[in-house]
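Enquirer:
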Amino acid sequence: MTLCRYWRLDRHPEGNTEFARFLSLHEEQCPALAAGEVRIAVEWLSMDAGTRMWMSPRTDGYQPPLPLGAKMVGLVLGRVIASADPAYPEGALVRGFGQWANVATVVPALTGLEIVDETVADPRQHFGALGMNAWTAYVGVKEVAAVQPGEWLAVSAAAGATGSLACQVGRNLGARVIGIAGGAEKCRYLTEELGVEIAIDYRGEDVEARLAQVTGGVNAFFDNVGGPILDAVLPNMAHYGRVAVCGMIAGYDTDAPLPGPARFDQVLMRRLRIEGFFIPDFLERGAEFMPQLRAWLDAGTLAVRFDETQGLENVLAAYERMLTGRSTGKVVVRL
Ligand SMILES: NC(=O)c1ccc[n+]([C@@H]2O[C@H](COP(=O)([O-])OP(=O)(O)OC[C@H]3O[C@@H](n4cnc5c(N)ncnc54)[C@H](OP(=O)(O)O)[C@@H]3O)[C@@H](O)[C@H]2O)c1
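First residue of the sequence shown? That's 1 in the UniProt record's numbering, and the numbers climb one at a time after it.
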């Protein structure tokens, strides 16, 4: 029998701290595998801001809320240890939506499970330059924000997992990149390591005033934050600019909808297009994105800084660090 240790959602969290008040660690014998299921010995867990929405009781989110008492859901990378689906044989290295657990049990068709390329030297890159944050950055920058060479691309939460990849995708496509992040250290990372031309510390600077100095205005905005940052960018967009709404982390610490934008008038004044997108809708196109992402990774033009934590028992600390801006780059937990 296989023992499964997992994090259970007991109550809906309030805020983005003290998650131990709302989730608890449990242990059980894994039940017998049901038809079509695949069991994975988890080696790495991905910490993703979007999963905070799953903990909320809101029924108007992008998927139904996770029921209280359920195992917490998250992206996992690990090896198949038992399989009732011949497409995922024992021993295969796989990635998909599983559980915050040492052993995850999934139905492949429902969880985006896929066998990953074992020639990648650093397995963390399956959550980094080759993972869903990278797909999000690629689709958001190239297709939704439709950035063109020479245009200004602004990115919020720019030093985080998705944002740091969006900055580099934009730079690789020939855009001039403006990164907005919290703190001088993150701004240095943006300019010195990611090729960002203008870095704005939203905690210490007036974002709207800094953007007002951008010649010609912002052509494309990859927004991970919403709220006051979106309000600071909208009046500084160029005419016919595009806003790719990737995330609204400014509202993930409450169950109330994020108000605004207060400067919605600028959508008309500047003839803007605003479009939300959700990467699970694009999972079937993953294979199409991979050759370009892999080429950039191998060429060193899509780099990821990893923030690594060890041990299932430390997942909540890693998750909180990511949500509260104390991490840079991609937060992963090694089991
Ligand atoms: N649409 C999709 O399919 C999709 C897919 C993946 C991710 N996302 C979105 O991408 C965003 C980033 O997610 P991630 O997993 O890559 O996490 P991440 O960027 O690595 O970490 C979150 C970052 O957000 C910033 N932040 C937190 N609260 C903020 C606030 N109130 N105002 C401004 N910045 C704040 C923090 O950086 P600072 O220190 O700079 O504040 C923090 O490091 C989220 O909004 C997520 O929902 C969307």
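In this text, a Cβ means the ideal position worked out from N, Cα and C, and glycines have one as well. All values reported here derive from a predicted model rather than from experimental measurement.
1. What span of residues does the alpha helix (DSSP H) with N133 cover, start to end?
2. With DSSP collapsed to three states, give me the class of M237.
3. Sort out for me which residues DSSP pairs L45 with in a bridge.
4. Per DSSP, which one or two residues make a beta bridge with Y88?
5. With 16 other CB atoms within 10 Å as the buried threshold, where does T111 fall?
6. Suppose contacts are defined by Cβ-Cβ distances below 9 Å. Is W7 in contact with V315 by that definition?
7. What is the C-beta distance between V304 and W44, in whole angstroms, given that I count them as a contact (C-beta under 8 Å)?
8. Taking 8 Å as the line, does the beta carbon of M290 fall inside it for any heavy atom of ligand 1?
9. Hey, could you find the ends of the alpha helix (DSSP H) N172 is sitting in?
10. My understanding is that V116 touches V94, with C-beta atoms under 8 Å, so please give their C-beta distance in whole angstroms.
11. Which same chain residues, not among the five before or five after W135, have their C-beta less than 7 Å away from its C-beta?
12. With distances taken from CA atoms, which of V169, F264, V144 and A104 is nearest A244?
13. Please report the straight-line C-alpha distance between N102 and L190, rounded to a whole angstrom.
14. In terms of alpha-carbon separation, which member of R294, P86, G96 and C187 lies closest to A121?
15. Applying the criterion that 16 or more other CB atoms from any shown protein chain within 10 Å of the CB defines a buried residue, is D48 buried or exposed?
16. Could you round the C-beta distance between A157 and A181 to whole angstroms and report it? I think they count as a contact, below 8 Å.
17. On the three-pair Cβ rule with 8 Å, is the segment 256 to 267 touching the segment 192 to 203?
18. Taking only heavy atoms of ligand 1 into account, decide whether any of them is closer than 8 Å to the Cβ of K330.
19. On the three-state DSSP scale, how would you describe R124?
20. Assuming E320 contacts N16 (C-beta within less than 8 Å), just tell me the rounded distance between them.
21. Strictly by DSSP, which residues pair up with H12?
22. Sort A317, D307, D223 and T328 by Cα distance to R124 and report the nearest one.
23. Quick check on T301: does DSSP put it in helix, strand or coil?
24. A157 lies in the alpha helix (DSSP H); which residues open and close that run?
25. Please name the residue or residues paired with V106 in a DSSP beta bridge.
Expert: Checking against the coordinates, here is how it stands:
1. In the sequence shown, counting from the first residue as 1, residue 133 sits at position 133. M132 to Y138 is the extent of the alpha helix (DSSP H) around N133.
2. Numbered from 1 along the sequence shown, position 237 holds the residue referred to as residue 237. In the three-state reduction of the DSSP assignment, M237 falls in the strand class.
3. Along the sequence shown, read from residue 1 onward, the residue named residue 45 stands at position 45. Listed as beta-bridge partners of L45 by DSSP are V76 and V333.
4. Start at 1 with the first residue of the sequence shown, and residue 88 comes out as number 88. None, per the DSSP bridge assignment.
5. Translated into positions along the sequence shown, residue 111 becomes position 111. Under this definition T111 is a buried residue.
6. Start at 1 with the first residue of the sequence shown, and residue 7 comes out as number 7. Start at 1 with the first residue of the sequence shown, and residue 315 comes out as number 315. The Cβ atoms of W7 and V315 sit closer than 9 Å to each other.
7. As a position in the sequence shown, residue 304 is number 304, starting the count at 1. As a position in the sequence shown, residue 44 is number 44, starting the count at 1. At roughly 13 Å, the Cβ-Cβ gap does not stay under 8 Å, so V304 and W44 are not in contact.
8. The count along the sequence shown starts at 1 and reaches residue 290 at position 290. No, Cβ of M290 sits at least 8 Å from all heavy atoms of ligand 1.
9. As a working note, residue 172 is residue 172 in the sequence shown. Per DSSP, N172 belongs to the alpha helix (DSSP H) from A161 to N172.
10. For the purposes of this step, residue 116 is taken as the residue at position 116 of the sequence shown. For the purposes of this step, residue 94 is taken as the residue at position 94 of the sequence shown. V116 to V94, Cβ: 7 Å. Contact.
11. Working through the sequence shown from its first residue, we reach residue 135 at position 135. The beta carbon of W135 is closer than 7 Å to those of I279, F282, G286 and F289 in its chain, skipping five residues each way along the sequence.
12. As a first step, residue 244 must be located in the sequence shown, where it is residue number 244. Nearest C-alpha to A244 among V169, F264, V144 and A104: V144.
13. Translated into the one-based positions of the sequence shown, residue 102 becomes position 102. Translated into the one-based positions of the sequence shown, residue 190 becomes position 190. A straight line joining the alpha-carbon of N102 with that of L190 spans about 34 Å.
14. If you number the sequence shown from 1, residue 121 lands on position 121. Proximity to A121 across R294, P86, G96 and C187 peaks at R294, based on C-alpha coordinates.
15. Taking the sequence shown and counting its residues from 1, the one referred to as residue 48 is at position 48. With a threshold of 16 other beta carbon atoms within 10 Å, D48 meets it and is buried.
16. As a working mapping, residue 157 is identified with position 157 in the sequence shown. As a working mapping, residue 181 is identified with position 181 in the sequence shown. Separation of the CB atoms of A157 and A181 is rounded to 7 Å, and the pair is thereby assigned contact status at 8 Å.
17. They do not touch, by the three-pair rule.
18. Stepping through the sequence shown from its first residue, residue 330 is reached at position 330. Set against 8 Å, the gap from the CB of K330 to the closest heavy atom of ligand 1 is smaller.
19. The count along the sequence shown starts at 1 and reaches residue 124 at position 124. Of the three classes helix, strand and coil, the one that applies to R124 here is helix, per DSSP.
20. Numbered from its first residue, the sequence shown carries residue 320 at position 320. Numbered from its first residue, the sequence shown carries residue 16 at position 16. With 8 Å as the limit, E320 and N16 qualify as a contact, their Cβ atoms being about 6 Å apart.
21. For the purposes of this step, residue 12 is identified with residue 12 of the sequence shown, where counting begins at 1. Beta-bridge pairing by DSSP links H12 to no other residue.
22. For the purposes of this step, residue 124 is taken as the residue at position 124 of the sequence shown. Of the listed residues, the one whose Cα sits closest to R124 is D307.
23. To locate residue 301, count along the sequence shown from 1; it is residue 301. T301: coil per DSSP, three-state reduction.
24. Working through the sequence shown from its first residue, we reach residue 157 at position 157. If you look at A157, you'll find it isn't in any alpha helix (DSSP H); DSSP assigns it neither H nor E.
25. As a working note, residue 106 is residue 106 in the sequence shown. Answer by DSSP bridge pairing, in chain order: V38.
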